[in-house]
Each structure stands twice: as structure tokens, then as C-alpha cells.
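Note sheet for the following structure.
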Amino acid sequence: MPDIVGLQALITEAQTLYADTTQGAAIFLAAITEAQSFLTSESSADVTKAKTTLSQAITAFKLLNASSSQPVDLTARLNNPGFDDNNATGWSGAGTVGYHSVEFYQKTFNMYQTLAGLPAGKYRLQVRGFERPKNNDGGAAYRAGTETIYATFYAKASSFPERNTAFPSLYKHRFTGNGQLNNYVNTMAGAEIMFNNPDSAYYVTTLTDIYLTDGATLTVGAKSDFQQGGYWALFDDFKLYYEGQDYSGAATMVLALVNQAKVLAASHIQTSAFTTLSNAIATGEQAAGADSLILKDLAIASQALTAAIETGKTSEAAYTALQSALTAAQAALGEGIGADSLQAAISRGQATYNNLEADLNSLATAATDLSKAVLAYRLANATGTAPTVTTTSKYARGSSVAFLRGSFTGTGITERGICWSTHPEPTVLDGRSTTRFGSSGYLFKVDGLQPSTVY
């Protein structure tokens, strides 16, 4: 027997949605009319096909008219969003599943899944979850404003930078039922009660302004790189909503990147980095300032700006490091032995700093040379009794790393370490390491050694 009742229910739903002023109204009305023609059909196959066709038309109509105020619930596109069967199917890096949620206890984590085939446009994500950074303290740190939350809810579209936000603290909401400690949730069973309260939005976290271009993927997850005794994070009830094709938020994000790029472009950076930033800025301003925003253009601009900003930051950091070395060298310079050599090193370093065509290796080398020149100057003008260093014959080594021990005598010692070279009698002007391991004696790590080389 054909499912006429089911077909009528779909027709009623479609008629409720229909408005002649909405996008795609004519096509949608035609789909409704076509479905109505099967209400008297005696063919189960025809009615089933009519239901499928109208259901698809309803989904297409909803997507076409979606907005932030009228989103389309696409949670069904997520794999196992609510852990309803108490397993982690569909998720990578999941923790312990129980009570229809997933928890991580005293460990770092990155739990995620990647979706493909979603319609292009704007999305919103939602989840319930919380973090307790350490053993239950009754919310003392939370109320004092000294608590740090490390777990983040994130969404990474392949076409735009990651969106993320911190989860709420466990202590945001009190709980007095079974599974509580100090009037706060302390078990997965207690968390399930809080999460399933139909009259509340306990521990709901939302991510907005997520944008996907045609063919883009979306990675959804939760992560934390922190752990300590009593650390606890728990999540449940992931939801995904489609909010249409309003791209003003994407334009705002691009303009924020433009402003960041402009600040870098005005700093002391390489000419090549400046050119890369300038081109990306122009691309971003054009995409974000268009009369009709095109998401693909905004994505291209976002990617170009993000890459240019990283290039600019690297360049700026290299010049900043050299400037710091110059400042230290100028402060150390006096009239002592080797002053001329130090001044010459300063002049070379300044020339490199002033050269906006210098490559990153030249900038790093100039900073290193200045540091060595300062050390040589200070050694040449040192006063007092020199300390002694005695290395031991016992050592551990690999192909490029060695661990060496030594003992020291002297007073007023400000730094201890090991120096080495490929020639006899190394000095601190050769290779040196002050990286100490352990608290008993002096054990130093030497890395960056070349295999099959005698030191």
C-alpha cells in the first residue's frame, strides 16, 4: 500500500516553508504541485519516488534560503555527533567513551573528524563540553579569575584559517546530583545529567563564521596540549548548522588580515617580504571591497595574506634578532683590548641590518658573528682569576648528539658549559653548549655534530 500519509506530511511541511518572495519559490512550488499529483496514486513505487523527490526539494529550498536567523540543521552530516552508541566511530584521536560522551583524563589530545561534500557557504558549530584543569578545587581558581583553560573547540576549513574558542570551565555551572564533588560535576554520569537537561544550555560552546568554498573540507574537533594531575575534559552533542551565503563575516576576517599585513609591511623587513605582503594586501582589499562578495576570491585572499604574514613575521624576527645583537655589542664596546675588532663586527652587522636585500641566512650569520665578537672582547678584557674546567673521559654519543661531563673550580662563575671543535684545544669561540641536564654534577648536551667526524 502506498504511503499517502507520509507523502501528505511532506507536502504539508513544504507548504509551510513556501513563500512566493523566497529564492527558488517557483521551482519549489512546482515540486509541491508535482508531489500533490501522486496523492491518489495506487503505486507504492511512484509514491516512494515522489516522497524522495519532494524531500530533496525541501532540503534544496532550505539551503537556498538559509541564514543566521534561519539555519539548516546539518548535524546528520557529522559522524557519531552524540556518541549515542557509546563508541567513538567516526572520530580520530578519541578518548574514553561512556555515558554518551567522550572524556580525556590527565592527557593531551586532538579528537577530530573531517567532512567533505558540504555545500559552499557559512556554517555554525556547537558542542557541549567543559574542562577542569586540575583536581576539583571547588571552583576557587575559577572564581578568583586565575584559572587557565587549555582545551579548544575548533573548525578548520581547507579554504580559510582555523576558527577556535576555549571550552567553558567545569565550574561555570553548579551540580548537586549524583556524581558531584564540592557541588560540581565529578563523573561522566553527572555530566550526562547536565548535558541532557532539556531546559538549559549548560556548557554549550559555539563557533561562528566558518566558511567553506565549493569542494572544501571541514575538520571539526577538540584539542589540548596540556596535561597535569586531575586534568579532565569532556565533550558531547556536536551540532552543525548551515547559515547560507552571507559572506560579510569572511570579508571582515580578510580585512583583519589586511590590517595585520600592513603593520608588518611598515616594519623593517626584506624587500621580498614587503613585496609579498603588498601583493597580498591588494588582493585582500579587492576581494573584501567588492560590491558582490565572492567566497572563492575571499578564500584566495585569505590564503595569500596568511602566507605573506608568516613570511613577514620571519623576516621581521631575523632583523629584530640582529638589532638585539647590535644593541648588545654597542653596549659592550669600550676602549679595551680588541675594541677595533668588535667595532668592525658592529659595522659589518649594521651594514647587514641596513641591507633589505639580505637573505635570512646572512641575517642569522651576522647576529651570530656579533655575539661571538662580544664574547671575544669580554674574554680579552676579563679580570680576576680564570676558573678551570676539567672534562671527564666518560661520555655518551649518537650520530649527531653527545652528552659530556665536566667539573669546575673558581669563584664568581656566571656560566658553565662545554666547548668543542674539530681541532685540538677548543675554546668558547668554537662550538659551545651550556645546556645542562640533571641536578647532580654537570652533564651537558652537545648537538648538531656531524657523523663520522672527530671532535
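Reminder that position 385 of the sequence shown reads as 381 in this note's numbering, one-by-one numbering, no gaps.
Just so you know, even glycine gets a beta-carbon here, dropped at the ideal spot from N, CA and C.
Note that the coordinates shown come from a computational prediction; the quantities given were computed from them, not determined experimentally.
Around the Cβ of residue i, are there at least 16 other Cβ atoms within 10 angstroms (buried) or fewer (exposed)?
| i | result |
| --- | --- |
| Ala53 | buried |
| Leu70 | buried |
| Thr384 | exposed |
| Asp205 | buried |
| Ser155 | buried |
| Gly457 | Any property of residue 457 remains undetermined from this structure, which presents the chain solely from -3 to 451. |
| Ile305 | buried |
| Phe191 | buried |
| Met249 | buried |
| Gly186 | buried |
| Leu35 | exposed |
| Ala269 | buried |
| Ile7 | buried |
| Thr348 | buried |
| Ser337 | exposed |
| Ile409 | exposed |
| Ile28 | buried |
| Phe24 | buried |
| Ser220 | buried |
Smallest Cα separation from residue i: which of the options?
| i | options | result |
| --- | --- | --- |
| Thr279 | Ile265, Leu50 and Asn255 | Asn255 |
| Ala140 | Tyr167, Ala382, Glu188 and Tyr14 | Tyr167 |
| Ala46 | Thr388, Gly2, Ala21 and Ala62 | Gly2 |
| Leu294 | Ala247, Glu411, Glu99 and Asn179 | Ala247 |
| Asp233 | Glu421, Asn82, Gln446 and Thr449 | Asn82 |
| Ser65 | Tyr146, Ala372, Tyr119 and Ile28 | Tyr119 |
| Leu79 | Leu230, Gly413, Gly20 and Glu411 | The displayed chain sequence assigns Phe, not Leu, to residue 79. When only C-alpha atoms are compared, the closest one is Leu230. |
| Ala162 | Ser196, Gly125 and Thr142 | Gly125 |
| Val370 | Pro77, Thr361, Thr387 and Gln326 | Gln326 |
| Asn350 | Asn357, Tyr315 and Leu356 | Tyr315 |
| Val237 | Asp195, Pro67, Ala26 and Asp42 | One point to set straight first is that residue 237 is Tyr, not Val, in the sequence displayed. Answer by Cα proximity: Pro67. |
| Ser39 | Ala26, Asp(-1) and Tyr14 | Asp(-1) |
| Ser396 | Val450, Asn193, Arg412 and Met(-3) | Val450 |
| Gly308 | Gly285, Ala284, Leu356 and Asp287 | Leu356 |
| Val424 | Ala398, Arg393 and Tyr373 | Tyr373 |
| Lys235 | Asn76, His419 and Arg428 | Asn76 |
| Ala360 | Asp16, Ser320 and Ala398 | Ser320 |
| Tyr243 | Leu289, Thr431, Thr215 and Ser37 | Leu289 |
| Ala10 | Val43, Lys58, Ser37 and Thr44 | Lys58 |
| Thr215 | Asn160, Tyr391, Ala27 and Thr430 | Asn160 |
| Thr418 | Ser389, Lys258, Ala324 and Ser448 | Ser448 |
| Thr431 | Gly408, Ala56 and Ala398 | Ala398 |
| Leu253 | Thr271, Gly226 and Glu281 | Glu281 |
| Ala62 | Ala72, Val43 and Pro115 | Pro115 |
| Leu121 | Lys103, Thr148, Val98 and Thr142 | Thr148 |
| Asn131 | Val123, Gly226, Glu188 and Ser196 | Gly226 |
| Ser429 | Pro420, Glu421 and Arg412 | Arg412 |
| Ala362 | Ala382, Thr381 and Ala317 | Ala317 |
| Ala455 | Gln346, Thr142 and Asp443 | Shown here, the chain extends from -3 to 451; a query on residue 455 therefore has no answer. |
| Tyr14 | Thr55, Ser37 and Met(-3) | Thr55 |
Taking C-beta to C-beta, are residue i and residue j nearer than 8 Å?
| i | j | result |
| --- | --- | --- |
| Gly240 | Gly117 | yes |
| Ala354 | Gln223 | no |
| Thr209 | Lys292 | yes |
| Glu158 | Tyr146 | no |
| Thr386 | Ile414 | no |
| Leu74 | Gly20 | no |
| Pro164 | Thr144 | no |
| Thr172 | Asn182 | no |
| Gly406 | Trp416 | no |
| Trp228 | Tyr101 | yes |
| Ala26 | Leu50 | no |
| Thr213 | Ala324 | no |
| Glu312 | Met184 | no |
| Leu251 | Ala197 | no |
| Gln346 | Leu322 | yes |
| Ser455 | Glu188 | Because the chain in this structure spans residues -3 to 451, residue 455 falls outside the shown range and cannot be described. |
Kindly say whether residue i, judged by its beta-carbon, lies nearer than 8 Å to any beta-carbon of chain D.
| i | result |
| --- | --- |
| Lys390 | No chain D is present in this structure, which holds just one protein chain. |
In chain order, which continuous runs of the alpha helix (DSSP H) of length 4 or greater are located wholly inside the segment 17 to 97?
-> 21 to 32 and 40 to 60
Inter-stretch contact (C-beta, 8 Å, three-pair minimum) for the segment 421 to 440 and the segment 396 to 405 | yes
Inter-stretch contact at 8 Å, needing at least 3 Cβ pairs: the segment 196 to 203 / the segment 75 to 95 | no
Touch check for the segment 257 to 266 and the segment 101 to 117: three-plus C-beta pairs under 8 Å?
-> no
Inter-stretch contact (C-beta, 8 Å, three-pair minimum) for the segment 300 to 307 and the segment 270 to 279 | yes
At least three beta-carbon pairs within less than 8 Å, the segment 341 to 348 to the segment 357 to 372 | yes
Length at least 3, wholly inside the segment 374 to 449: the beta strand (DSSP E) runs in chain order | 384 to 393, 397 to 405, 414 to 416, 427 to 429 and 439 to 443
Any chance the segment 321 to 341 sits against the segment 370 to 383, with 3 or more Cβ pairs inside 8 Å?
-> yes
Mind listing, in chain order, the continuous alpha helix (DSSP H) runs of no fewer than 4 residues lying wholly within the segment 120 to 177?
-> 136 to 140
In chain order, which alpha helix (DSSP H) runs of at least 4 residues are fully inside the segment 182 to 206?
-> 184 to 191
Contained beta strand (DSSP E) runs [length at least 3] in the segment 316 to 379, N- to C-terminal order = none
Return the chain-ordered ranges of every alpha helix (DSSP H) run that is complete within the segment 228 to 293 and spans a minimum of 4 residues.
-> 244 to 261 and 267 to 284
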